[in-house]
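Right, here's the structure in full:
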């Protein structure tokens, strides 16, 4: 399978994870599991998932239920890779359901292809049983599985796996990398039909185009300023801070337009880093400044008085909010520009487009609207 195409969809999926919200609001919750074939033929799928992640995230940042944004969680599986255990069906849970989008990005960039033996029924069964799915009435729970081998391969019956999924209100959407009719003949459509999902195929050879916009340069400059507002704390703070910066670099590897998409995601209220950033941690009530030991604080804060520390954090919080507002305003202008450019182009049959349409349709069943 070619390197240019397939993974837009997965990226798209990922997009659902949008920002990494740490808390569920009355906007409900969206949970998405991405099951990616990492056999030899899937280099293009993985490449596109990485390159389209932030576009997807920003599309789904528009979701609203009861006027509120939903809590969003993403999980990542790989399957069909000969480096994985044959006794476990050549599958691996790479990332459990999480609100940490930086972790999803990091894990996507860590995937490699090899082999293999693609057992769709096995990986669906694992995702259904091993992930921590919620049971609330307002939850949207979806699986996206992509690949290009017969859906029926392996000793685990895909029909039983798909029926079990929808029995738990988990929708299974299937994405065949190849000809539409071949996907039907090899049971990809049947799998989706059994689990109230949607069958899609993509043209894995169609190149995905990142549209540069006049706002990109300013958004990316603001992103650098946004990074300066984070205050890493605790034993993992510095490592998590480096991961955030590393994902900036990964996004920038696909050009200025892609980096600006990531910056927009980071500027949204749903992008949270409360487990390592003091501004978010205090804002969410997950930690008390008085309870932190001096050596858990950044070096420059260790020399401050308690009152100076509070003032410094308040200043960083205010500065972050100002920068995020500027990025969001530029993002609206950017979206208008990019939408106009897309209307000048031919319709595409890419993964990201297919996933966005699918999730919007399925989210509407749970009373989600998109701004």
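Numbering (the working numbering), first residue to last: 11 to 381. Note that CB positions come from ideal geometry on N, CA and C, so glycine has one too. Note that this is a predicted model, so its numbers are computed, not measured.
Looking at residue 236: is its Cβ nearer than 8 Å to the Cβ of residue 334? Yes, they are a contact pair.
Skipping 5 residues on each side, what residues in its chain have a beta carbon closer than 8 Å to that of residue 39? The beta carbon of residue 39 sits closer than 8 Å to those of 80, 81, 82, 83, 144, 146, 148, 149 and 150, all from its chain and outside the five residues before and after it, given in chain order.
Measuring CA to CA, which of 185, 376, 312 and 284 is closest to residue 110? For residue 110, the nearest C-alpha among the options comes from 284.
Can you list, in chain order, the residues of its chain with a C-beta nearer than 7 Å to that of residue 377? Leave out the 5 residues immediately preceding and following it. Setting aside the 5 residues that flank it on each side, residue 377 is surrounded in the same chain by 75, each with a C-beta closer than 7 Å to its C-beta; the list follows chain order.
If we count the other Cβ atoms within 10 Å of its Cβ and call it buried at 16 or more, is residue 122 buried or exposed? It counts as exposed.
Buried or exposed, going by whether 16 or more other CB atoms sit within 10 Å of the CB of residue 224? Residue 224 is classed as exposed because its beta carbon has fewer than 16 other beta carbons within 10 Å across all chains shown.
Count the CB pairs spanning the segment 162 to 173 and the segment 51 to 62 that are closer than 8 Å, and state whether there are at least three. Remark: fewer than three beta-carbon pairs, one from each stretch, lie closer than 8 Å, so the segment 162 to 173 and the segment 51 to 62 are not flagged as touching.
In or out: residue 365 buried (at least 16 other Cβ within 10 Å) or exposed? Buried: at least 16 other Cβ atoms inside 10 Å.
Grab the span of the alpha helix (DSSP H) containing residue 114 for me, first residue to last. That run of the alpha helix (DSSP H) goes 111 to 119.
From this set, 68, 178, 161 and 249, which residue's C-alpha is nearest residue 45's C-alpha? The residue with the shortest Cα to Cα distance from residue 45 is 161.
Go to residue 278, then tell me how far its beta strand (DSSP E) extends in each direction, as first and last residue. Where residue 278 is concerned, there is no enclosing beta strand (DSSP E), given that its DSSP letter is neither H nor E.
Name the one or two DSSP bridge partners that residue 102 has. Partner(s): 88.
So is residue 195 buried or exposed if we call it buried at 16+ other beta carbons inside 10 Å? Residue 195 is classed as exposed because its beta carbon has fewer than 16 other beta carbons within 10 Å across all chains shown.
Per DSSP, what are the beta-bridge partners of residue 40 in this structure? Note: residue 40 sits in a beta bridge opposite 82 and 150.
Going by beta carbon distance, what residues of the same chain come within less than 6 Å of residue 4, once the five residues before and after it are set aside? Any property of residue 4 remains undetermined from this structure, which presents the chain solely from 11 to 381.
Which value, in whole angstroms, describes the spacing of the CA atoms of residue 87 and residue 100? If I take the Cα positions, the gap works out to 11 Å.
Just to check my reading of the structure: residue 240 and residue 287 have Cβ atoms closer than 8 Å, yes? What is that Cβ distance to the nearest angstrom? Yes, they are in contact, since the Cβ atoms of residue 240 and residue 287 sit about 5 Å apart, within 8 Å.
So, helix, strand or coil for residue 33, using DSSP? A caution first: residue 33 carries a pLDDT of 43, below 50, which makes its placement in the model too unreliable to give a value.
Among 65, 103 and 185, the one whose alpha carbon lies nearest that of residue 203: Comparing Cα positions, the closest option is 185.
Residues near residue 94 by beta carbon distance below 6 Å, same chain, minus five either side: Taken in chain order, the residues that qualify are 100 and 102.
So residue 181 is in the beta strand (DSSP E); what residue range does that whole segment cover? Unbroken beta strand (DSSP E) run through residue 181: 180 to 187.
Sufficient close CB pairs (3 or more, under 8 Å) joining the segment 295 to 305 to the segment 251 to 264: The segment 295 to 305 is not in contact with the segment 251 to 264.
For the segment 60 to 74 against the segment 171 to 180, do three or more pairs of beta-carbon atoms, one drawn from each stretch, fall closer than 8 Å, so that the two count as touching? Of all C-beta pairs linking the segment 60 to 74 to the segment 171 to 180, fewer than three are shorter than 8 Å, placing the two stretches out of contact.
Cross-strand partners of residue 379 (DSSP beta bridge): Its beta-bridge partners are 74.
Give every residue of the same chain whose Cβ lies closer than 8 Å to the Cβ of residue 379, excluding the five residues on either side of it in the sequence, and list them in chain order. Correct list, in chain order: 73, 74 and 75.
Residue 46 bridges to which residues according to DSSP? Answer is 88 and 156.
Three-state secondary structure (DSSP) of residue 347: In the structure shown, residue 347 sits in a helix (DSSP, three-state: H, G or I).
Since residue 108 sits in a beta bridge, which residues does DSSP pair it with? Here residue 108 is bridged, per DSSP, to 84.
Using a threshold of 8 Å, state whether the C-beta atoms of residue 157 and residue 130 are closer than that. A contact, by the Cβ cut-off of 8 Å.
Cβ shell of residue 133 (< 8 Å), same chain only, five flanking positions each side left out: Correct list, in chain order: 45, 87, 89, 99, 101 and 155.
Any idea what DSSP makes of residue 52, helix, strand or coil? Helix at residue 52.
Nearest-angstrom Cα distance between residue 369 and residue 312? Taking C-alpha positions only, residue 369 is separated from residue 312 by approximately 47 Å.
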